[in-house]
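Note that our numbering has the sequence shown beginning at -4, numbered continuously upward.
Let me begin by presenting the structure, written as structure tokens, before commenting on it.
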Amino acid sequence: MAFFAYPSADVVVSKEEFNLFHSIDRKLFSRLVSGLGRDPAESAQVMALWMWLEHNSKEFNLVHKILMTLPNTLLNAMAEESVLVLNCIQSDDFPFSGVDITREIPLLQSISKSGVTLKFFHENRLGITRGVSSLFKDICLRAFQDLLLQPHKERNADPNMGANAPQFRDPEASSASPHYLRPGFDPYNLSIQRQVLDKEMEEVLSRLNLNDEDDGHSEDQEVAPDERTIFLTFSRGYPISENEVREYFTRKFGDVIEAIYMQGVPSQQPLYARLVVRSVSSIPVVLDGKSKAKFTINGKHVWARKYVRKGQTSTP
């Protein structure tokens, strides 16, 4: 599956705009580091793995789901599973041969709805590591720059920390390159942790499954789509794709989108789109309680307002 579009080199995106676009990622990273006390460099690479899963599974709102759904105990357990995966994709030899890890990575499998396994990650490690490494360097280091430095400031660390900046091992580099993960990490302790977490994990995953089943049967779907539609207008000369629109609003507001209808103008730039949300209550949230709202998507301005139907032509 192709990656979503990120700001192109010819579009200038300010640090504030970039951080705003990745506000959900920043909140989850802060939870890992400040809330759970996890290592910042390791957590940045865990976040890159989750972004890769989000981009390559059907869960467009994976990071938002993790942030809003998992309690600290399960969030920590999922981070530990992710460290297992990161060790796995950075090892030439499958590190778990002959070891009975029957459940492997159940949280990652359930949250991403992808059925991924440690064996899958290892067999596809070169491509996955390139993708994760790219997200780590292009997104995480930039979006979390101030958050990565904060723990060091709080600990009064040596200001000359440039040499210790977070690194991601190149999968095609020498096998002698050290892993970035914390020393002494024992993946097999996860089996002991899971005995304690089983009940809580089952409850959360059950709730997730119920929410997913309810997505298509909520009362809001009885409201006509026109009443749940936001009208978006774009600037001529600054084309925006449907994927960019979907990525931006999903990351900013979560899984609120039911459908997007771009202006149908083959070989031309669409100048407007209709964004149908799942719940009519999402409209004032997206518009921030105003009649109109302005957004910046990858450096390009987008205006939004409540859709008002003209005439009686049918919707797509």
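Note that beta-carbon positions come from the ideal geometry of N, C-alpha and C, so glycine has one too.
Does DSSP classify residue i as helix, strand or coil?
{"i": "S170", "result": "The predicted position of S170 is uncertain, since its pLDDT is 37 and thus under 50; no value can be drawn from it."}
{"i": "K108", "result": "coil"}
{"i": "K305", "result": "coil"}
{"i": "F55", "result": "coil"}
{"i": "H50", "result": "helix"}
{"i": "K22", "result": "helix"}
{"i": "R125", "result": "helix"}
{"i": "G343", "result": "Outside the shown range of the chain, which is -4 to 311, sits residue 343, and nothing can be said about it."}
{"i": "P101", "result": "helix"}
{"i": "H17", "result": "coil"}
{"i": "D88", "result": "coil"}
{"i": "A39", "result": "helix"}
{"i": "F139", "result": "coil"}
{"i": "D153", "result": "Any reading at D153 needs caution, since the residue's pLDDT is 46, under 50, leaving its predicted position unreliable; the model's value is listed next. Here D153 sits in coil by DSSP."}
Which residue's Cα is closest to the Cα of residue i: the options?
{"i": "E217", "options": "L103, S236 and R273", "result": "R273"}
{"i": "C83", "options": "L44, S52 and K108", "result": "L44"}
{"i": "F290", "options": "D221, L227 and V260", "result": "L227"}
{"i": "R300", "options": "E239, E76, S129 and I225", "result": "I225"}
{"i": "T124", "options": "W47, N293 and R241", "result": "W47"}
{"i": "T64", "options": "P279, L102, V41 and G259", "result": "L102"}
{"i": "V303", "options": "V297, R269, D133 and A36", "result": "R269"}
{"i": "A219", "options": "V271, R231 and L144", "result": "V271"}
{"i": "K10", "options": "W298, K305 and G294", "result": "G294"}
{"i": "R223", "options": "L57, L15 and V251", "result": "V251"}
{"i": "P66", "options": "L79, R26, E12 and M257", "result": "R26"}
{"i": "E237", "options": "Y267, D20 and K22", "result": "Y267"}
{"i": "K287", "options": "V280, W298 and S277", "result": "W298"}
{"i": "A254", "options": "L69, P265 and R241", "result": "R241"}
{"i": "G232", "options": "Q263, Q258 and E239", "result": "Q263"}
{"i": "Y221", "options": "V275, V111 and F248", "result": "Tyr is not the amino acid found at residue 221; the sequence shown has Asp there. Of the listed residues, the one whose Cα sits closest to D221 is V275."}
{"i": "P35", "options": "L69, L57, N51 and A74", "result": "A74"}
{"i": "G122", "options": "N51, G110, R21 and A138", "result": "N51"}
{"i": "V280", "options": "H296, G249 and V260", "result": "G249"}
{"i": "A39", "options": "F131, S18 and L62", "result": "F131"}
Starting from residue i, follow the alpha helix (DSSP H) in both directions and report where the run begins and ends.
{"i": "L81", "result": "N67 to I84"}
{"i": "L278", "result": "In the sequence as displayed, the identity of residue 278 is Ile instead of Leu. Start and end: S277 to V281."}
{"i": "V240", "result": "E237 to F248"}
{"i": "K114", "result": "L113 to E118"}
List the DSSP bridge partners of residue i.
{"i": "F229", "result": "V297"}
{"i": "K289", "result": "W298"}
{"i": "T224", "result": "V271"}
Under DSSP, the beta strand (DSSP E) around residue i begins and ends at which residues?
{"i": "L270", "result": "Y267 to V272"}
{"i": "E253", "result": "I252 to M257"}
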